Structure formats: C-alpha cells, structure tokens
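Engineer: Here's a structure for you.
There are 2 protein chains.
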Amino acid sequence: MNIEEKTIEEIAQDILSLYRQKNYVEIKKQFEEINPTDIAEIFEEFPREQSTLLFRLLPKEEAADTFVELDSETQEAIIRAFSDTELREVIDELYLDDTVDIIEEMPASIVKRILKNTDGQTRASINTLLKYPEDSAGSIMTPEFVDLKEDSTVEDAFKRIRRTGVDKETIYTCYVTDNSRHLMGVTTVKELLLHDYDDQIKDIIETNVIYVNTHDDKEEAAKLFGKYDFLALPVVDMENRLVGIITVDDAIDVLEEENTEDIHKMNAIVRTTEKPYLKIGVMETWKSRIPWLMVLMISATFTGLIITAFEDKLSALIILTSFIPMPMGTGGNCGGQASTTIIRALSLDEVDFDDIFKILWKEIRVGFVCGVSLAAVNFVKILLIDKLLLGTEGITLQVDLVISLTLLVETIFAKAVGCILPIVAKKLKFDPAVMASPFITTITDAISLLIYFWLATAILHI
Amino acid sequence: MNIEEKTIEEIAQDILSLYRQKNYVEIKKQFEEINPTDIAEIFEEFPREQSTLLFRLLPKEEAADTFVELDSETQEAIIRAFSDTELREVIDELYLDDTVDIIEEMPASIVKRILKNTDGQTRASINTLLKYPEDSAGSIMTPEFVDLKEDSTVEDAFKRIRRTGVDKETIYTCYVTDNSRHLMGVTTVKELLLHDYDDQIKDIIETNVIYVNTHDDKEEAAKLFGKYDFLALPVVDMENRLVGIITVDDAIDVLEEENTEDIHKMNAIVRTTEKPYLKIGVMETWKSRIPWLMVLMISATFTGLIITAFEDKLSALIILTSFIPMPMGTGGNCGGQASTTIIRALSLDEVDFDDIFKILWKEIRVGFVCGVSLAAVNFVKILLIDKLLLGTEGITLQVDLVISLTLLVETIFAKAVGCILPIVAKKLKFDPAVMASPFITTITDAISLLIYFWLATAILHI
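Here the protein sequences come in this chain order: B and V.
Just so we're aligned, residue 1077 is where the first sequence starts under the working numbering, counting upward by one.
Just so we're aligned, residue 1077 is where the second sequence starts under the working numbering, counting upward by one.
This is how it looks when you write it as structure tokens:
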C-alpha cells in the first residue's frame, strides 16, 4: 500500500458508508488491513459519539496502537464509555510513556480511573514519570527497556529478550547495569546476532556510553539522535542510576515540535499549545499572537519620534517621504536574513559564542556586497523607473544618491545587528529565536530612518 | 560519558598535545574510547595536512565510521594520501549509501579511484544510486537490506541474518519478496524473537506494507517516519520491485535539512548549499541573499507610488507622516504570523486546500480580536504617551481615530492575505514557504498605506 492522503480519505468514506449500513463485519475486516495511525485518521472523520462503537470493532492487537494515535478528546470520550475491564485491556497493552502522555491530557476523574485500573508497580512508575518537568528528558523516556546481566552469554540474552521483550517499546538496544543499577554498558541485538551463542555479554558490550540525565532538556537529548544515529538513548537519574530510555520515534516528535516552536517564535508567535492548527480556538490563537504584536506596535513609537524630529526637513523636500518605506523594508529584510541564518546555525550547533567575531566579520562583508548591489540597482532604477517612466516629481541625482547610499550603509548595519543579537541572546540564556525578523525589523527601522535623515541632511543641505 | 561540547573540545586539546609529543600510542588508546562522531569533531581542530596521519591511528573498526563523519575536504585529503589498499579497506567497510554521499562531493579523479577500488557489483550499485534525482527517495536509500524467504522458518531467518547481517546498515526490519523481487511483506527482528524457531515466516509477516517509490520526494518519505514510527521504509522502483530501504537516521537528517531550508526560505534566503554557516564563503552567501532583497526592494516601488499619490494630503497634515511606519510594521507582523502558522501547518499536513474557507474564517475572527485589542491600546497610548507625555504636535482625537481604525481594518486584511497566499501557492505547486513574512510584508505594506490614507481622507476631510 502506497499511502497517499487521498487514499485515506477514500477509505474513510468507504468505512463511513459501511457504518451507515451497519455492516460491522466488513469494517472489522477492513480495519485488519489498515495501519493504526491511518485508522486514527479515519476516526477523525466520524462524529465523536460513535468512536466508542467504532473502537470496539478494532482487532485486539491493533486497539492499543490505534488508541495512542487518537486525539485526546476522542480518547476521553472512549474511556468514559469503557467498562473497567475494557479500560484495563487497553492500558495493559500501552507502553508506559504513552500512558503517561495520555494521562497528562485527561481531566482528574479520568486519571483516577486509569490509575485505579493499573497494578501497583505500574502506578508507581506512572507517578514518577508524571513528576518530570515538561521539557525534560525524563518526561519523554520510557522505564521499560531490556537489561542484561554482565556475566551471562549471548544465548542467555536471547532467552531473556524472548521472555521479557514483548512489553518493551524497543528491544534492539540492551543495557547492562550493576547491582546498584549504574549503567555499565550497552549492546545491540545486531551485535548479539553477529556473535556466537556462548560469547560472554561482558566481552561484547560497549562501555563508553553516551547518556543524558532525567533533568536535561529533551531537545538536547533529541539532537543526540541526529548526531550519533541512535535508536535509543539511556537516561540516568541524579544518582547516575539507569531509569529509562528515550526511543528514536519520540526523539523525532520532539525535533519536529521544537522546529515548529522555533519557526513560530521567529515570527513573533508565542506557542501555547501543541494542538494542530484547526483544533486551536480563536481566543487561544489570539493569546499566542497578541503579546508580540503589542510589544512591537508600542516599540514602533521610536520610529514615529525619529520622523517627528525630522518633520521640518520632510516638509522642505516632500519627495523624501515617498521613499521612507523602501529602505526601511530592505533593512528589515537584510537583518532578518542574517538573524535567521544565525538562529538556525545556533540551533544546529554549527556556531557558538566564541565564533562571534568571525560571524560579525563575515556578515559585514556580506552586508557590503549586498549593499553595493542594492545601491547600484536602486540608483539606476530610480532614474529609469521613478523619474523617467513614472515621472515622479522632485527626484534629483542628489536625492537618488541619498537613497542609494542609505541602502548601502543600512545593509551593513542590519547584517551586523541581525547576526550579533541572537548570539548575545543565547549567551545571556535567552532564546535566540526571539531575535528574528519582527524584533530585528523594529531595530533596523529606526537605524534605517536615522541613516536616511542624516545622509539627507548632509548631502541635500536641508 | 555524558557528552557536552566542552568535553569534546578538551579531549581535542589533550590529543593535540599528545600529537605534538608524538605520543601516538596514547592517542590510539584514547581513540578507542571515543565515539566516531566525536573523533570526527576532533579532526576538525587539526590542520588538514595532518589528518591522514591521525586517521592511521584509528582502530580498524572505527576507521570507516569516523571517515563518514568527516567533512568532504578532509575526506578528499585523506583519500589523496591513501594507498589503493588503504582506500579499499575503508570503502569495503562503508555502507553503500554513505559511499555514494561521499562520491557526490569528490572531484572526478577521486571518484575514478574509488570506483576502480570497488568490485563490479558494488560499482554497478553505486552507479544506479548516483542516477537518482537529488531530492528523490532513491537518492537516500541503501540497497543493502535483509531479505527472507516466505517459506523459511524463524530459525532459518536468524541463520540468514547471522550470515549476511554484518554488511547491512539495519537488520531489524526484514523484507520478503517473490521471485521477481516484488515486495510481499515485512517483519521485524522483534517479531522473530517473540516467535518460536519453527514458526513459518509467511505466518508472521505483515502484508500491508507502506512503501515509497524511488522517484517520490525524499521529504515525503522522511515524514512517514514521524507519522508511523518506522525504523526503515522500503523503496520500490517503477516496476514495483524492492530496490532499497531508507533508514531512520537518514530520515532524521532529511527532516532537519528540510526544516533548515524552510526556515531560510521563509526569510527570503535561497538555499544554495547544505554546508554549515562558517564554511560558506561571502560571495556564496551573497548569492543566496541578494535575489529576494532585489525583488522586494523593487516591489517596494508600489508603496512609494501610494505615498506620492497622497503627497498633498500628507503635506496638509504632516503629523500623518510620523505614523506611517507603525501601522505598516503591525500589518507586516500580523500577516507574517498568519502565513507562518499556515506554512508550518501545511508542511506538517495539518491542513490542506479543502480547509481554505475554514482557515480564512478563523483568521478573519482572529484578525478581528487582534485588531480590536491593538486599536484600543493604540488609541489610549497615542493620547497618553505621544500627546501628553511626549507632547507631539498635531495629534487630535480624529487623527488618533484614523490610526487606530487603520490598525483594526489592516489586521483583518493582513491575517486574511497571510493565510490565503500559502494555501494557494501550494495548490499551484509553488513552495508555500516563499509566501512568508518578507513577501507578505510587501503586500501588507501597500494595503496598510491604502487603508490609512483612505481613512484619513474620510475622517479628517483632507
């Protein structure tokens, strides 16, 4: 099956019409052929009050996998309709980290019911996981992993994996700990498969293990997957005991989520929820957008002040007013390009604070060549288009020179400001992503205007 | 080992001083304890002409893994210094897709030497892989995967994995094909381990396989990993024959690369290279930034024209000039927020063209509440700060009303334009990421000015 959006929607339509005909047997048969992720998408096309009935048509082995993929409102509706036995059946099949993710979205009454229907040990694990801070590595780990004994053989290891592996999210990375649960080493099922059955685990394991702490940032943990090509990453607690692992699928989710957050921040949006666009209400959207709009609107008071200060000169030569937006826009774009590039390079660990002078020097040179190109093209464009073609009044060679020189000088300034601010922000432990276009533009607007008016005063003697 | 940037740099310093003391034995010992990815970072601290000597100090089993992680200039330098035997040793250890990635960056003479030192079959595979278009799924796949026979048992499967697995990048997903190499089903080592040795493969395999075609977009392929939590994804050719697999580590790289490209595009940068920031020269940076700067600068001619058209009114009431930048900036920010949100939602497949009216209706309502908030705060702010505190001349209640109403109306327009353009762009097969802040701002600038001047004409009777 080659998955295309179209296909899923078509299948959903088929199942909807089977549902209307009450042909549940056929729905059951179809569900067996569909990936749980896609079944969850099909659920979205159904009215929520029918999701429990639909859920009961799922083959047992797909029920839990599908449940995890549903949106939390549908999960809640299904749990409410569940008997305790049904609830226990699904919870038993879930991996612990998924159970915790679900619990975090549920109202207190549902949480209580879920906890009531888990055994004591699971409940304790859930409570521990719930306590990790939201952005921590601990919050995305699962405590279920394969642990092997140092003094066992490859054959023992396979026996152990066969016995305990069914409940683990991944079995491909196996961990060896000592009696106080300190991490001694790791190995992989691939390594095990390439060794003889009577080889000793202690001769196979890699003892230089890269790990993270439960309280490390989950984004930093996720980045290690891209860097080292891991399938799983061990997580230790404050006493250096192995308490869980992060799996690559969760790392991908974190990376995508952090990318979304960065992209939003870089465009003056405060991210308040991880919900998809269409599920976010108007007021919640307003809440995420209004803070920066307000800050940026009020800080634009400065540009107003600058123009007011030069009001006399503007009324002396009214043509200067027409050209206010263009250099301001260009300054914003130049600064935005520089800050974007640096914010992304910081986030990919390509540059750090020590590179600040190297970066500044490069951006100044880039600003110079960009500025010269823009100024040259603009100089000709104003003469040909604005003066000759459009016949705009008041354009002289001197006016043209003021505007073109403004472009050259402001471009260098904008590139410099744009590259410096994110690096400094990171050094001061602020999020560099905030130092992107909208914020940089407010600064370059003021700089551009000042350069413009100063050059006008100097060259046009007004 | 808990990896921190600091640690790697410190280790690099240690190794540098060992190198100066010619204590190669100790370097060898240290290298054994370090992950190949980190060794590659240490290489970056060394002068390039010494990298071959350093490379020869690597333990055999880490040499190829380290080689893959080096930058292409260092790889080239090392290959040039290699004897044919040394070259063959490294190439033999590389996975085919990595060999192809390396070859793509090398000059023709080196490519010839590499191909001369591979056997006929490998050479044929390399040549096939090199032919896939740059952005295709085929270009990131590896032809080395574990294939199982349908009529064999779990025990046979393990024997086969043990015999052939050493050369495969991943062994955890296994594929069953028929005699004409059509994909029949997949299974995982986890499934195999949880079944009895004498179970039949054909009873275990999942026959509803999600796959991609060699010519599908690699980004679309990579997204499937996030959606379905795959470790590997099969790739079929035009005749539906299984020709390779994509592994999750390569999918993560593609996702991060595509995110970087999107972020750059959204800020008017044309991405011309995948090199890290500090390795890109000034002129190459210029080339990636100047196209959009030029386009946006020239299109700002329109805003100039609008101001020119209203010149008389501006000279009649000069205070209006001071307030030109603020509504323009706010319009750009509002439009940028909307376009960013939609571009990201499109890229995450959260919305598509069919949602256009739902999205527009939501953005208009968001625009209304944002606009009302901004207008109200601005109305009070102009009276309190600009008029009372700063004593700016010429501010009347009517002028304040014009500016505040402009904010309200333009915010709604900006949100509408900002959300519509990316969706339409995608429908017309353009990249929606281009419809971000810089482009939207150029449009909202013109819209904001028109609204401003019209309201001024209507309310102030100028």
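Where a beta carbon is used, it is the ideal one built from N, C-alpha and C, also for glycine.
All of these numbers come straight from a predicted model, not from anything done at the bench.
Start and end of the beta strand (DSSP E) containing D1223(V)?
Structural biologist: As a position in the second sequence, residue 1223(V) is number 147, starting the count at 1. Looking at the DSSP string, the run of the beta strand (DSSP E) that includes D1223(V) is V1222 to L1224.
Engineer: Where L1206(V) and N1316(V) are concerned, what is the direct C-alpha to C-alpha distance, given to the nearest angstrom?
Structural biologist: Here the question's residue 1206(V) lines up with position 130 in the second sequence. Here the question's residue 1316(V) lines up with position 240 in the second sequence. Taking the straight line from one Cα to the other gives about 20 Å.
Engineer: Run through chain V and tell me which residues come within less than 7 Å of D1325(B), C-beta to C-beta.
Structural biologist: As a position in the first sequence, residue 1325(B) is number 249, starting the count at 1. In chain order: D1305.
Engineer: Return the chain-ordered list of same chain residues with a C-beta closer than 7 Å to the C-beta of Y1171(B), the five sequence neighbours on each side being excluded.
Structural biologist: Residue numbering aside, residue 1171(B) sits at position 95 when the first sequence is read from its first letter. Around Y1171(B): T1218, E1220 and E1245.
Engineer: Report all residues from its chain with a CB closer than 6 Å to the CB of D1313(V); omit the five preceding and five following residues, and keep chain order.
Structural biologist: By one-based count along the second sequence, residue 1313(V) stands at place 237. Excluding residues within five positions, the ones whose Cβ falls inside 6 Å are T1290 and V1319.
Engineer: Please state whether the Cβ-Cβ distance between D1173(V) and I1216(V) is less than 9 Å.
Structural biologist: The count along the second sequence starts at 1 and reaches residue 1173(V) at position 97. The count along the second sequence starts at 1 and reaches residue 1216(V) at position 140. Taking 9 Å as the Cβ cut-off, D1173(V) and I1216(V) qualify as a contacting pair.
Engineer: Look up T1229(V) in the DSSP assignment and give the residues it is bridged to.
Structural biologist: Working through the second sequence from its first residue, we reach residue 1229(V) at position 153. Partner(s): Q1276(V).
Engineer: For the putative contact between T1229(V) and I1277(V), defined by C-beta atoms under 8 Å, what is the C-beta separation to the nearest angstrom?
Structural biologist: Here residue 1229(V) is taken as the residue at index 153 of the second sequence, counted from 1. Here residue 1277(V) is taken as the residue at index 201 of the second sequence, counted from 1. Right, the Cβ-Cβ distance comes to about 7 Å (below 8 Å), so this counts as a contact.
Engineer: If you measure beta-carbon to beta-carbon, which residues of the segment 1330-1347 of chain V are closer than 8 Å to chain B?
Structural biologist: Of all residues in the segment 1330-1347 of chain V, L1331, E1332, N1335, T1336, D1338, I1339, H1340, M1342, N1343, A1344 and I1345 have a Cβ within less than 8 Å of some Cβ in chain B.
Engineer: Between D1177(V), D1211(V) and D1168(V), which lies nearest to K1192(V) when the distance is taken from Cα to Cα?
Structural biologist: Within the second sequence, the letter at position 116 stands for residue 1192(V). Per the Cα distances, D1168(V).
Engineer: For A1522(V) and L1481(B), what's the separation of their Cα atoms in angstroms?
Structural biologist: Against the second sequence, residue 1522(V) aligns to sequence position 446. Against the first sequence, residue 1481(B) aligns to sequence position 405. Approximately 24 Å between the Cα atoms of the pair.
Engineer: Below 8 Å CB to CB, which residues in the same chain sit around I1382(B) once its five sequence neighbours on both sides are set aside?
Structural biologist: Locating residue 1382(B) in the first sequence gives position 306, counting from the first residue. Result list for I1382(B): A1522, L1525, L1526 and F1529, in chain order.
Engineer: Between the Cα of V1285(V) and the Cα atoms of L1268(V), P1310(V), D1272(V) and V1187(V), which residue gives the shortest distance?
Structural biologist: For the purposes of this step, residue 1285(V) is taken as the residue at position 209 of the second sequence. Residue P1310(V) is the option with its Cα nearest to V1285(V).
Engineer: Whether or not the segment 1405-1418 of chain V and the segment 1488-1497 of chain V are in contact is what I'm after, with contact meaning three or more pairs of Cβ atoms, one per stretch, closer than 8 Å; do they touch?
Structural biologist: Yes, the segment 1488-1497 of chain V is in contact with the segment 1405-1418 of chain V.
Engineer: Which of the three DSSP states is assigned to H1271(V) in this structure?
Structural biologist: Here residue 1271(V) refers to the residue found at position 195 when the second sequence is read from its first residue. H1271(V): coil per DSSP, three-state reduction.
Engineer: Could you check which residue in M1402(V), G1302(V) and F1433(V) has the C-alpha nearest to that of F1378(B)?
Structural biologist: As a first step, residue 1378(B) is located in the first sequence; it is residue number 302 there, counting from the start. Ranking the options by Cα distance to F1378(B), first place goes to M1402(V).
Engineer: On the three-state DSSP scale, how would you describe E1080(V)?
Structural biologist: Taking the first residue of the second sequence as position 1, residue 1080(V) is located at position 4. With a pLDDT of only 49 at E1080(V), under the threshold of 50, the placement of this residue in the model should not be trusted, and no figure is reported.
Engineer: Using C-beta distances below 7 Å, list every residue in its chain close to T1349(B), excluding the 5 sequence neighbours before and after it, in chain order.
Structural biologist: Locating residue 1349(B) in the first sequence gives position 273, where the first residue counts as 1. Only I1356 and E1360 meet the Cβ criterion.
Engineer: Buried or exposed for R1347(V), please, with buried defined as at least 16 other CB atoms from any protein chain shown within 10 angstroms of its CB.
Structural biologist: Here the question's residue 1347(V) lines up with position 271 in the second sequence. R1347(V) should be labelled exposed.
Engineer: Does any residue of chain V have a CB that is nearer than 9 Å to the CB of E1426(B)?
Structural biologist: The count along the first sequence starts at 1 and reaches residue 1426(B) at position 350. Yes, its Cβ sits closer than 9 Å to a Cβ of chain V.
Engineer: Can you find a CB in chain V that lies within less than 9 Å of the CB of Y1248(B)?
Structural biologist: What you label residue 1248(B) is simply residue 172 of the first sequence in a count that begins at 1. Output row for Y1248(B): interface = yes.
Engineer: At which residues does the alpha helix (DSSP H) containing I1260(B) begin and terminate?
Structural biologist: As a first step, residue 1260(B) must be located in the first sequence, where it is residue number 184. Note that residue 1260(B) is Met in the sequence shown, not Ile. Careful: M1260(B) lies outside any alpha helix (DSSP H), inside the beta strand (DSSP E) at L1259 to T1264.
Engineer: For T1175(V), which residues of its own chain have a beta-carbon under 7 Å away from its beta-carbon, when the five flanking residues on both sides are left out?
Structural biologist: Locating residue 1175(V) in the second sequence gives position 99, counting from the first residue. Hits under 7 Å: I1167 and I1202.
Engineer: Taking the runs of the alpha helix (DSSP H) that are 4 residues or longer, which of them lie wholly in the segment 1088-1113 of chain V?
Structural biologist: List check, alpha helix (DSSP H) in window: 1100-1108.
Engineer: Just to confirm, are G1443(V) and A1492(V) a CB contact at a threshold of 9 Å?
Structural biologist: Stepping through the second sequence from its first residue, residue 1443(V) is reached at position 367. Stepping through the second sequence from its first residue, residue 1492(V) is reached at position 416. The answer is yes: Cβ separation under 9 Å.
Engineer: Would you say W1362(V) faces chain C, with C-beta separation under 9 Å as the test?
Structural biologist: Among the protein chains in the structure shown, which are B and V, there is no chain C.
Engineer: Express the C-alpha separation of L1477(V) and E1426(V) in angstroms, rounding to a whole number.
Structural biologist: In the second sequence, counting from the first residue as 1, residue 1426(V) sits at position 350. In the second sequence, counting from the first residue as 1, residue 1477(V) sits at position 401. Roughly 39 Å separates the two Cα atoms.
Engineer: Hey, is F1301(B)'s beta-carbon within less than 9 Å of any beta-carbon in chain V?
Structural biologist: Taking the first residue of the first sequence as position 1, residue 1301(B) is located at position 225. Taking Cβ atoms only, chain V reaches closer than 9 Å to F1301(B), which makes this a yes.
Engineer: Here's the rule: buried if 16 or more other CB atoms are within 10 angstroms of the residue's CB, otherwise exposed. What is Q1151(B)?
Structural biologist: Within the first sequence, residue 1151(B) is the residue found at index 75, counting from 1. Per the 10 Å Cβ criterion, buried.
Engineer: Anything in chain B within Cβ reach of L1354(V), meaning under 9 Å, just list it in chain order.
Structural biologist: Along the second sequence, one-based indexing puts residue 1354(V) at 278. Those are A1421, E1426, V1427, D1431, K1434, I1435 and K1438, listed as they occur along chain B.
Engineer: When we look at the beta-carbon of H1258(B) and count the other beta-carbons within 10 Å, is it buried (16 or more) or exposed?
Structural biologist: The residue you call residue 1258(B) lines up with position 182 of the first sequence. Counting Cβ neighbours within 10 Å, H1258(B) comes out exposed, since fewer than 16 surround it.
Engineer: Are the beta-carbon atoms of N1111(V) and Y1248(B) separated by less than 9 Å?
Structural biologist: To locate residue 1111(V), count along the second sequence from 1; it is residue 35. To locate residue 1248(B), count along the first sequence from 1; it is residue 172. Not a contact, by the Cβ cut-off of 9 Å.
Engineer: Does the beta carbon of A1140(B) come closer than 9 Å to any beta carbon on chain V?
Structural biologist: Taking the first residue of the first sequence as 1, we reach residue 1140(B) at position 64. By this cut-off, A1140(B) is not an interface position.
Engineer: Contact criterion: CB-CB distance below 9 Å. Does Q1413(V) meet it with respect to chain B?
Structural biologist: As a working mapping, residue 1413(V) is identified with position 337 in the second sequence. Yes, Q1413(V) counts as interfacial toward chain B.
Engineer: In the DSSP assignment, find the unbroken alpha helix (DSSP H) run with G1539(B) in it and report its ends.
Structural biologist: Chain B is shown from 1077 up to 1538; residue 1539(B) falls before or after that span and cannot be answered.
Engineer: Starting from T1240(V), follow its DSSP beta bridges and name the residues at the other end.
Structural biologist: Sequence index remark: in the second sequence, residue 1240(V) carries index 164 (1-based). DSSP output for T1240(V) lists no bridge partner at all.
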